[in-house]
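Presented below is the structure to which this report refers.
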Amino acid sequence: MLEIRYNTITKEVTGWWGDRHGNHEVKLKDRPNEAMAMLDIGIPNKPLAAWLYDGKKLVPNPDYIEPKPPRDLATEIDDLRAEIQELKLR
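Residue numbers (this note's numbering): 41 to 130.
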């Protein structure tokens, strides 16, 4: 079971709990446009921003842009050093 918190206007998922429940009693007075729902799924493999709640299930957020994978700087440095060595040998 996955308990989610979502914005009722934008449908954006703003939080979730996969291993502890009972947050329906949490006061959302500081978040007037938010509600909570229980879904019979596990924790998704993408971040909160990647999902919208359509009233019954999580759906992919069409505005979400996948982050670029981190650069392997050590490999890039080694490649640049090799290029420098080649240029020096010319």
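Ideal Cβ positions, reconstructed from N, Cα and C, are used throughout, including at glycine.
Does the Cβ-Cβ distance between arginine 45 and glycine 58 come in under 9 Å? No, the pair does not count as a contact, with Cβ atoms beyond the cut-off.
When you compare each of Arg130, Glu74, Lys128, Met78 to leucine 138 by their alpha carbons, which one comes out closest? Limits of the chain in this structure are 41 at one end and 130 at the other, which puts residue 138 out of reach.
By Cβ distance below 7 Å, which residues in the same chain neighbour tyrosine 104 in space, the five residues on each side in sequence not counted? Ala89, Ala90
Please report the straight-line C-alpha distance between glutamate 126 and threonine 115, rounded to a whole angstrom. 17 Å
I'd like the span of the alpha helix (DSSP H) that includes alanine 114, first residue to last. 113-129
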